[in-house]
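Below is one structure, written out as structure tokens; comments come after it.
Protein chains: 2
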Amino acid sequence: MMEHHFKCTNCSRIFAAGTTEREHIYICPDCGESIKNSPLKGVLTVEYDYEKLKKTYTKDKFLHLTAGQIWTYPDLWPMEFSKIDKYDLEKLALPPNQILKYKIDGRELYLQDETRNPTYSYKDRASILVALKAKELGINEIAAASTGNAGSSLAGICARLGITSHIFVPKNIPEAKRIQIQSYGGNIYLVDGDYDQAFDLCLEISKKNNWYNRNTAYNPLTIEGKKSAAFDIYINTKGEIPDYIFVPVGDGVIISGLYKGFLELKKLQIIEKLPRLIAVQAGGSSAVVDYLSTGIFEYKPPNTIADSISAGAPRNLYMAAKAVKESKGYEVKATDDEILSAQKELAHKTGLLVEPSCASTFAAYKKEKSKFEGNKKIMLLLTGSGLKDFASLKQWNYKPKIKSDIEWINILIKEN
Amino acid sequence: MMEHHFKCTNCSRIFAAGTTEREHIYICPDCGESIKNSPLKGVLTVEYDYEKLKKTYTKDKFLHLTAGQIWTYPDLWPMEFSKIDKYDLEKLALPPNQILKYKIDGRELYLQDETRNPTYSYKDRASILVALKAKELGINEIAAASTGNAGSSLAGICARLGITSHIFVPKNIPEAKRIQIQSYGGNIYLVDGDYDQAFDLCLEISKKNNWYNRNTAYNPLTIEGKKSAAFDIYINTKGEIPDYIFVPVGDGVIISGLYKGFLELKKLQIIEKLPRLIAVQAGGSSAVVDYLSTGIFEYKPPNTIADSISAGAPRNLYMAAKAVKESKGYEVKATDDEILSAQKELAHKTGLLVEPSCASTFAAYKKEKSKFEGNKKIMLLLTGSGLKDFASLKQWNYKPKIKSDIEWINILIKEN
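Chains A and B supply the protein sequences, listed in that same order.
Here the numbering used here is used: the first residue of the first sequence is 52, the next is one more, and so on.
Here the numbering used here is used: the first residue of the second sequence is 52, the next is one more, and so on.
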């Protein structure tokens, strides 16, 4: 394990790492606390000795890695992978071939397909690192608050490793998401409140029971785990990374992790320029977009069909906003109607069935595409499978009329 | 393209291949016809010049292939891959890392994970070959009859390639399966009848409209496409193939294709011994198992929760039975209760959420496991994702009680 430390993104205080006890640090004790309907302040980030790392982590080394297997380049993670059983690691490999290239309406698009991860979503990248850290620490129970995908991801990854998971969800969780969590054997706790209340209760009970906690952004490894997509994109594009990446944004952890990954590649002098990250949110849940436009955070109860990016108080708002600004990206909103129509068009034109959350990236791209020069490489980040949210598919697939044998034979079929 | 021909599995008549017109051959005109509630006779199989092939297709060559990409060893397919756009091929790659190794109840099990294929099922292996053949032939419309997965697979693969798909389904198709087909943009036709009637109507209308037809077993490439799993298993186990493979059986096409793949490896002198294929069926849909036990086929309306292996008249019964016998395998039935309980146990212990159809293999394994010597390598073929059949997951995941804040704080959590 390479030397590393944790740093508060608010006050810049440094926390040493490397001992079991200290690894339990979640959030800066000076700045961070969980406040109802508020983003978290004092989220920690992991820092490494990049000057030292860049001697061994060269362009050439990176180009020869296999995507989807973070343990093959262990020094870029705050982990002691050597303590983990080889077969446990193999159970967590992502498909290495994740980028699909499609020509849509005359323009090439790169699609980063996270829908075939172990539990069919991007959240697995965070769950994998967190679960392996628990294994390394010898902790066999992990808890998380979730509105859906993070919970089923943690439950599924824990099942692969024989770890017990405890998932705290708001009582109005969509049925499909609840059942996915339970199917993987996660212990589920239906909280009589919203995500905020589930979040706080999960922290309290985790402490009481000495469970390792995976609350999004609260545990810095959730952000750290999500940086792996940047490395995978570098490997899979053979270093020809996109100019622009459309990223669906809810709590702001994916875009923060992705940005950190690219920033590390830059610090290692493997890439020269960062891709510009375009934050996409649903019109009914646009706290990050609004903060970027106005500089003000204001809590509004979220209201969107895209439940995986529905967040009134994005826990990782400040890092997400920074990722957009520092990568010279910008922000876009899409309405629920635009999202559903993009979900349909994407499935029909590419055979990729995605959740509304990330169909938003295609909706946003369609609005913006006239702005891009023809030679720019554009990627959409497709973060979750459409099968995870069956209710949204039902909205645009009506049952056709049943016809009798004779009716069929007597008509030409082309009408459908 | 290597020289090859088609051979009738009933009368052994040979049909030359290689011209566009002849590629349209589906079934032996002497033996084959579609008879209601009956298996197909006269299914064709593809034969190659193995003596010639074995000079270049050596053990060493095979061990260095990438799994999931059939076009990287083109001579074992009745296809002219060079006529297909490279980017179209890349869109069809399966994840190369499909085998997971788990220790369950003290014994190692190999799980072949087909749940992360492009449309989340094994059927993609057939659809890929059929769709590429259509491309090669310059046909842009493909039709198939389906009770679910074959249809959504064809629709999804066609969407990737810009081909129009026409799917004929019985009117009682599960809603989830119907919506998957439609989501990928497949034109769907709800037939006022059962699978048999959809099958016949699909053939008739395909002929009328000059569509390429993917009806299971009727088009020999559906069986041929499914042999690729044998090659992938060889590649992924580095030649150390399993001694036994539990295979879920409905129409009998998967087990026939798998057997053919291993037989070809044997003909090429790459393996010495075939894995023994254990045919698993649901108690309420056991025509192949019963035929193996009694030598008699009798149509019974199928009745099982495992809709992907529900088939009263397995189209490919005779080849399936031959695959079991010639590989020295045998047959096992599992009840719906055993299947659901296996689905649950597998998800909890491995994090793999699979359909009831293939959870049947775990149910069967649990019944049989005392029979196997400890040093035997056992594999389960997991053919479809559990997210494809949400209704089955609902059967064993009840909604827990919602507790208030105060109730939570006052109890210790370990009760769940």
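The C-beta atom is built at its ideal place from N, Cα and C for all residues, glycine as well.
Worksheet entry | DSSP-derived helix/strand/coil call for methionine 430 of chain A | As a position in the first sequence, residue 430 of chain A is number 379, starting the count at 1. Strand.
Worksheet item: In terms of residue numbering, what span does the beta strand (DSSP E) encompassing leucine 239 of chain B cover?
Response: As a first step, residue 239 of chain B must be located in the second sequence, where it is residue number 188. The question names leucine, but residue 239 of chain B is isoleucine in the sequence shown. Element bounds for isoleucine 239 of chain B: 238-242.
Discussion item. Quick check: is the beta carbon of tyrosine 235 of chain A nearer than 9 Å to any beta carbon in chain B?
Written reply: Stepping through the first sequence from its first residue, residue 235 of chain A is reached at position 184. Chain B, which has a Cβ nearer than 9 Å to the Cβ of tyrosine 235 of chain A, makes this yes.
Worksheet item: So is phenylalanine 348 of chain A in contact with chain B if we call contact Cβ pairs under 9 Å?
Response: For the purposes of this step, residue 348 of chain A is taken as the residue at position 297 of the first sequence. Judged by the 9 Å Cβ criterion, phenylalanine 348 of chain A is not in contact with chain B.
Discussion item. I need the DSSP call for serine 455 of chain A, collapsed to helix, strand or coil.
Written reply: On the first sequence, residue 455 of chain A is found 404 positions in, with the first residue counted as 1. When DSSP states are grouped into helix, strand and coil, serine 455 of chain A belongs to the coil group.
Fill in: Per-residue contacts from serine 455 of chain A into chain B (C-beta, under 7 Å)
For the purposes of this step, residue 455 of chain A is identified with residue 404 of the first sequence, where counting begins at 1. Ordered by position in chain B, the residues that pass the 7 Å Cβ test against serine 455 of chain A are Asp243.
Item to complete: Take the Cβ of leucine 114 of chain B as the centre, count every other Cβ of all protein chains shown within 10 Å, and call the residue buried at 16 or more, exposed below.
Response: By 1-based counting over the second sequence, the position of residue 114 of chain B is 63. Under the 10 Å beta carbon count, leucine 114 of chain B is surrounded by fewer than 16 other beta carbons and is classified as exposed.
Worksheet item: When the cut-off is 9 Å and only beta carbons count, does lysine 452 of chain B lie next to chain A?
Response: Numbered from its first residue, the second sequence carries residue 452 of chain B at position 401. Chain A, which has a Cβ nearer than 9 Å to the Cβ of lysine 452 of chain B, makes this yes.
Practice prompt. Go through its chain and collect everything with a Cβ distance to serine 257 of chain B's Cβ below 7 Å, but skip five positions before and after it.
Written response: For the purposes of this step, residue 257 of chain B is taken as residue 206 along the second sequence, with counting starting at 1. Taken in chain order, the residues that qualify are Ala194 and Asn264.
Item to complete: Say whether chain A places a C-beta atom closer than 9 Å to the C-beta of phenylalanine 33 of chain B.
Response: In this structure chain B extends from 52 to 467, so residue 33 of chain B is not present and cannot be described.
Item to complete: Answer yes or no: do proline 225 of chain B and isoleucine 429 of chain B have a C-beta to C-beta separation smaller than 9 Å?
Response: Along the second sequence, read from residue 1 onward, the residue named residue 225 of chain B stands at position 174. Along the second sequence, read from residue 1 onward, the residue named residue 429 of chain B stands at position 378. In this structure, isoleucine 429 of chain B does not lie closer than 9 Å to proline 225 of chain B by Cβ.
Worksheet item: Cβ of glycine 402 of chain A less than 9 Å from any chain B Cβ?
Response: For the purposes of this step, residue 402 of chain A is taken as the residue at position 351 of the first sequence. Interface residue, yes.
Worksheet item: Assuming leucine 180 of chain A contacts tryptophan 128 of chain A under a Cβ cut-off of 8 Å, what Cβ separation, rounded to an integer in Å, is found between them?
Response: Here residue 180 of chain A refers to the residue found at position 129 of the first sequence. Here residue 128 of chain A refers to the residue found at position 77 of the first sequence. Between tryptophan 128 of chain A and leucine 180 of chain A the Cβ distance is about 7 Å, and since that is below 8 Å, they are a contact.
Practice prompt. Please classify lysine 277 of chain A: is it buried, with 16 or more other beta-carbons within 10 angstroms of its beta-carbon, or exposed?
Written response: Within the first sequence, numbered from 1, the residue matching residue 277 of chain A stands at position 226. Buried, by the Cβ-count rule.
Worksheet item: What residues of chain B sit near proline 146 of chain A, judged by a beta carbon separation below 8 Å?
Response: Counting from 1 along the first sequence, the entry for residue 146 of chain A is found at position 95. Near proline 146 of chain A (Cβ distances below 8 Å), the residues of chain B are Pro146, Pro147, Asn148 and Arg167.
Item to complete: Could you tell me whether the Cβ of glutamine 231 of chain B comes closer than 9 Å to any Cβ of chain A?
Response: Taking the second sequence and counting its residues from 1, one reaches residue 231 of chain B at position 180. Closer than 9 Å: yes.
Worksheet item: Three-state secondary structure (DSSP) at glutamine 446 of chain A?
Response: As a working note, residue 446 of chain A is residue 395 in the first sequence. Glutamine 446 of chain A falls in the coil class under three-state DSSP.
Worksheet item: What residue range is occupied by the uninterrupted alpha helix (DSSP H) comprising glutamine 320 of chain A?
Response: Numbered from 1 along the first sequence, position 269 holds the residue referred to as residue 320 of chain A. Note, glutamine 320 of chain A: premise wrong, no alpha helix (DSSP H); not H, not E.
Discussion item. Please confirm whether cysteine 409 of chain B has its beta-carbon closer than 9 Å to some beta-carbon of chain C.
Written reply: Within the model displayed, chain C is absent; protein chains A and B are what it includes.
Worksheet item: Exposed or buried, which one is serine 63 of chain A when buried takes at least 16 other CB atoms within 10 Å?
Response: Stepping through the first sequence from its first residue, residue 63 of chain A is reached at position 12. Burial call: exposed.
Discussion item. Do aspartate 175 of chain A and glycine 199 of chain A have their beta-carbon atoms positioned less than 9 Å apart in this structure?
Written reply: As a first step, residue 199 of chain A must be located in the first sequence, where it is residue number 148. As a first step, residue 175 of chain A must be located in the first sequence, where it is residue number 124. Not a contact, by the Cβ cut-off of 9 Å.
Discussion item. So for tyrosine 295 of chain B, helix, strand or coil by DSSP?
Written reply: The residue given as residue 295 of chain B occupies position 244 in the second sequence. Note: tyrosine 295 of chain B maps to strand in three-state DSSP.
Item to complete: Taking the CB atoms as reference points, tell me whether leucine 252 of chain A and tyrosine 269 of chain A lie closer together than 9 Å.
Response: Against the first sequence, residue 252 of chain A aligns to sequence position 201. Against the first sequence, residue 269 of chain A aligns to sequence position 218. Cβ distance not < 9 Å, so leucine 252 of chain A and tyrosine 269 of chain A don't count as in contact.
Item to complete: State the DSSP-derived secondary structure class of aspartate 164 of chain B, mapped to helix, strand or coil.
Response: Walking along the second sequence from the start, residue 164 of chain B turns up at place 113. In the structure shown, aspartate 164 of chain B sits in a strand (DSSP, three-state: E or B).
Worksheet item: Hey, isoleucine 469 of chain B and serine 443 of chain B: beta-carbon distance below 9 Å or not?
Response: The shown model of chain B, from 52 to 467, leaves out residue 469 of chain B, and the question about it has no answer.
Practice prompt. With 7 Å as the limit, tell me which residues of the stretch 437-448 of chain B have their beta carbon closer than that to any beta carbon of chain A; keep them in chain order.
Written response: Gly437, Leu438, Lys439, Phe441, Leu444, Lys445 and Asn448
Discussion item. Are the CB atoms of phenylalanine 282 of chain A and alanine 118 of chain A within a distance shorter than 9 Å?
Written reply: As a first step, residue 118 of chain A must be located in the first sequence, where it is residue number 67. As a first step, residue 282 of chain A must be located in the first sequence, where it is residue number 231. Remark: C-beta atoms of alanine 118 of chain A and phenylalanine 282 of chain A approach each other more closely than 9 Å.
Worksheet item: Given a limit of 7 Å on CB to CB distance, which residues of the stretch 280-299 of chain A reach chain B?
Response: none
Discussion item. Spatial neighbours of phenylalanine 132 of chain B within its chain, please: C-beta separation below 6 Å, excluding the five flanking residues on both sides.
Written reply: Taking the first residue of the second sequence as position 1, residue 132 of chain B is located at position 81. Only Trp122 and Pro125 meet the Cβ criterion.
Worksheet entry | Which of helix, strand or coil DSSP assigns to threonine 60 of chain A | Locating residue 60 of chain A in the first sequence gives position 9, where the first residue counts as 1. Of the three classes helix, strand and coil, the one that applies to threonine 60 of chain A here is coil, per DSSP.
Item to complete: Please report how far the alpha carbon of isoleucine 321 of chain B lies from the alpha carbon of isoleucine 135 of chain A, in whole angstroms.
Response: As a position in the second sequence, residue 321 of chain B is number 270, starting the count at 1. As a position in the first sequence, residue 135 of chain A is number 84, starting the count at 1. Straight-line Cα distance between these residues: approximately 35 Å.
Practice prompt. Give the secondary structure of leucine 151 of chain A by DSSP, where H, G and I count as helix, E and B as strand, and everything else as coil.
Written response: One-based indexing of the first sequence puts residue 151 of chain A at position 100. It is a strand residue.
Fill in: Any chain A beta carbon closer than 9 Å to alanine 16 of chain B
Residue numbering for chain B in the displayed model covers 52 to 467; residue 16 of chain B lies beyond these limits and cannot be assessed.
Item to complete: Quick one: using the 10 Å Cβ neighbour count with 16 as the cut-off for buried, is asparagine 260 of chain A buried or exposed?
Response: Numbered from its first residue, the first sequence carries residue 260 of chain A at position 209. Flag for asparagine 260 of chain A reads exposed.
Worksheet item: If you measure from the beta carbon of lysine 115 of chain A to each beta carbon in chain B, is any gap under 9 Å?
Response: Stepping through the first sequence from its first residue, residue 115 of chain A is reached at position 64. For the sequence presented, residue 115 of chain A should be read as histidine rather than lysine. Cβ-Cβ to chain B under 9 Å: no for histidine 115 of chain A.
Discussion item. Along the chain, where does the alpha helix (DSSP H) containing alanine 415 of chain B start, and where does it finish?
Written reply: What you label residue 415 of chain B is simply residue 364 of the second sequence in a count that begins at 1. Its alpha helix (DSSP H) spans residues 407-419.
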